[in-house]
Amino acid sequence: MQASFLFSELKTGLRRNVTMTIAVVVTTAISLAFFGLAVLLGKQVGVMKGYWYDKVEVSVFMCSSGVPSLSCSGQEVTPEQQAGIQAVLDGMPQLVESVEYESKQEAFTRFKEQFAGRTIADKATVEGMPASFRVKLRDPGKASEVADALRPVPGVDNVNDMRDILGKLFKILDGLRYLALALAIAQVVAALLLIMNTVRLAAVNRREETGIMRLVGASSWSIQAPFILQSALAGLIGAVLASGLLLAGYQLIVADQLAQNYRVTAYIGSSAVWATIPLIVLLGVGLAGLASFFTLRRYLKV
Amino acid sequence: MATLRSPQSWADRPVVVFDNVSVRYPGAEAPALKRVSLTITGGEFVFLVGSSGSGKSTFLGLLTRERRPSEGSVRVVGRDLGSLRRWRIPVLRRHVGVVYQEFRLLPSKTVAENVAYALYVTGKRKAEIAQIVPEVLEQVGLAGKAERLPGELSGGEQQRVAIARAIVNQPALLIADEPTGNLDPDTSVGIVQLLDRINRSGTTVMMATHDDSIVNQLRRRVIQLDEGTLVRDQERGAYHYTS
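Sequences listed follow chains H and D, in order.
For the first sequence, the positions run 1 to 302 when the numbering used here is used.
For the second sequence, the positions run 1 to 243 when the numbering used here is used.
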């Protein structure tokens, strides 16, 4: 089988099936773009976990007469209670890296700064602020252990574990990832059915020709190769388009917008997008080629 | 497996051997072919005659492994077609040329490309193809028509292109299924003369036909089927049985 012969067959096939080929290219591109999005969302969650878990601290808020609370019955924390809390923290050197004390006055100043210009800042009072210990951990994964040990200690109003809050956010991101994956799978199914239909049509349209090829002793492979190559090429073009969509989307949404305006977290780099491209191309070409191969086994028997 | 023997090397050796061959189609009451046994030797010219539905097409389909026997064994150019692996079928077909009543040429390809098609699929190189195709076209009397499209040719010329394609791989066996069915009598004579010439150079020819004048003129071996049964196998026979 000669390459030039194969390519002239391929060209004829593509010319005859332009509209269907375009449909295949578009569905493949969309399905692969969703697939890439799912992969990239997964990577982003990983990046955020690494970024935030490094900064995780446990905040131990102490009772304040100005803060209504069930566990404090309106009493201010006593110096003895505060010493007791300090003692519990000192008793866990294997978990706790450092402890910082934030007084009511410091808390008030920080609050004022954080919410400057809003009415809530004007209404705040020193009395309404709780004093707290800011605990930095050796292992961010053990945050709940520290929090559980501190909650029952007298004088502790509330223990805030940042992992809880982040966990909820990651759940949302994971949900988005699965949604993208589900959309990708639905689109892949549509793309596969479309490819099978296109190949079936092409095989039926060219039955006369393939019949003659069989008659003169062409091997199954040389009869099927132009059809398979045609699908694989459509898959490749779809993959290239999907990669372009992902790169453009990354640049416009992440690099130009999020990374500039929302610096609360780190973002995946463009290298992560580039790294998914080989996977997308492999998937696009592989799925299209295989779908057409298995369809042809039914329609182009020797 | 014997591969790419020249047609001449099959002289006086069995090219086609049918041993008690029956073919039954699913759903059909009577078998299409009933216990047919015969041998065709290299270099022979054989007419296959019989009315429509007599089993001629089934018979020819067995030779290229388009059909398989329900019972019995078929050997063609040294291969037992019952046990032939699927991927070996293309190799068989390169040793068996076939010509049809309706020519079956590719309308968008030139005469030369149509003939070259049979060489491309065997993996021949371009230089070789460029050399072989004009030779074969000259052999069938189409020198100078290489760049024409099939639609620009007469029926007889189109059939010559089909014959050129069928013999370009030098098959041991050439099957012609009603090759003159679409042609007028004068043109038919030319085609049969061409087949006769190919036969004389060593290729075994098997021709199914309804044309009694051709059979009567050539007086070659005649095999007659009737309702799937071999009813006559006669050396130097006529279209209708005469003792």
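Using N, Cα and C, we set each Cβ at its ideal position, and we do this for glycine too.
Contact of residue 122 of chain D with chain H by beta-carbon distance below 8 Å involves 217. At a C-beta separation below 9 Å, residue 91 of chain D has these neighbours in chain H: 217 and 219. The beta carbons of residue 41 of chain H and residue 176 of chain H sit closer together than 8 Å. Across the region 183-214 of chain H, CB contacts with chain D closer than 9 Å involve 208, 209, 211, 212, 213 and 214, in sequence order along the chain. For residue 233 of chain D, DSSP records a beta bridge to D/223.
Per DSSP, the unbroken beta strand (DSSP E) holding residue 20 of chain D starts and ends at 14-23.
Using a C-beta cut-off of 8 Å, the region 266-279 of chain H makes contact with the region 234-253 of chain H, since at least three inter-stretch Cβ pairs fall below that distance. Considered as a whole, the region 38-74 of chain H harbours 57-62 as its complete beta strand (DSSP E) runs of no fewer than 3 residues, in chain order.
Taking C-alpha positions only, residue 179 of chain H is separated from residue 290 of chain H by approximately 26 Å.
Residues are counted here when their Cβ sits less than 8 Å from a Cβ of chain D; for the region 219-236 of chain H these are 219, 220 and 222, given in chain order.
Inclusion of residue 10 of chain H and residue 230 of chain H in the CB contact set at 8 Å is warranted, their separation being smaller than that value. For the 8 Å CB-CB criterion, residue 214 of chain D and residue 180 of chain D form a contact.
Residue range 71-76 is occupied by the beta strand (DSSP E) that includes residue 72 of chain D, with no alpha helix (DSSP H) assigned at that position. CA-to-CA, the gap between residue 176 of chain D and residue 21 of chain H works out to about 39 Å.
One alpha carbon belongs to residue 165 of chain H, the other to residue 172 of chain H, and they sit about 11 Å apart. Taking C-alpha positions only, residue 50 of chain H is separated from residue 285 of chain H by approximately 34 Å. DSSP, reduced to helix, strand and coil, places residue 35 of chain D within a strand of the structure shown.
Residue range 204-208 is occupied by the beta strand (DSSP E) that includes residue 204 of chain D. According to the DSSP assignment, residue 211 of chain D belongs to no alpha helix (DSSP H), since it is labelled neither H nor E.
Here the C-alpha atom of residue 144 of chain H lies approximately 7 Å from the C-alpha atom of residue 161 of chain H. In the displayed model, residue 85 of chain H falls within a helix according to three-state DSSP. In this structure, residue 153 of chain H sits near residue 84 of chain H, with a CB-CB distance shorter than 8 Å.
For residue 234 of chain D, the closest alpha carbon among the candidates D/81, D/38 and D/102 is that of D/38. Residue 287 of chain H and residue 199 of chain H do not touch by the CB rule: their CB atoms are close to 13 Å apart, not below 8 Å.
Residue environment: residue 209 of chain D is assigned as buried (16 or more neighbouring CB atoms within 10 Å of its CB, all protein chains considered). By the C-beta density criterion, residue 93 of chain H is exposed, having fewer than 16 other C-beta atoms within 10 angstroms. Contact annotation: residue 131 of chain H and residue 107 of chain H have beta-carbon atoms nearer than 8 Å.
The three-state reading of DSSP puts residue 277 of chain H in helix, counting H, G and I together. With contact defined as three or more Cβ pairs closer than 8 Å, the region 104-119 of chain D and the region 154-166 of chain D are in contact. In this structure, residue 132 of chain D and residue 142 of chain D do not form a Cβ contact; the two beta carbons are roughly 14 Å apart against a cut-off of 8 Å. Boundaries of the alpha helix (DSSP H) around residue 178 of chain H: 162-205. Taking a Cβ-Cβ threshold of 8 Å, the residues of chain H close to residue 104 of chain D are 208, 211, 212 and 215, in chain order. Proximity to residue 197 of chain D across D/115, D/174, D/240 and D/185 peaks at D/174, based on C-alpha coordinates. Among the CB atoms of chain H, one or more fall inside 8 Å of the CB of residue 87 of chain D. The C-beta distance from residue 36 of chain D to residue 220 of chain D rounds to 19 Å, too long to fall under 8 Å, and the pair is not in contact.
Cβ-Cβ distances below 8 Å link residue 194 of chain D to 140, 141, 160 and 163 in the same chain, with the five nearest sequence neighbours on each side left out; the list follows chain order.
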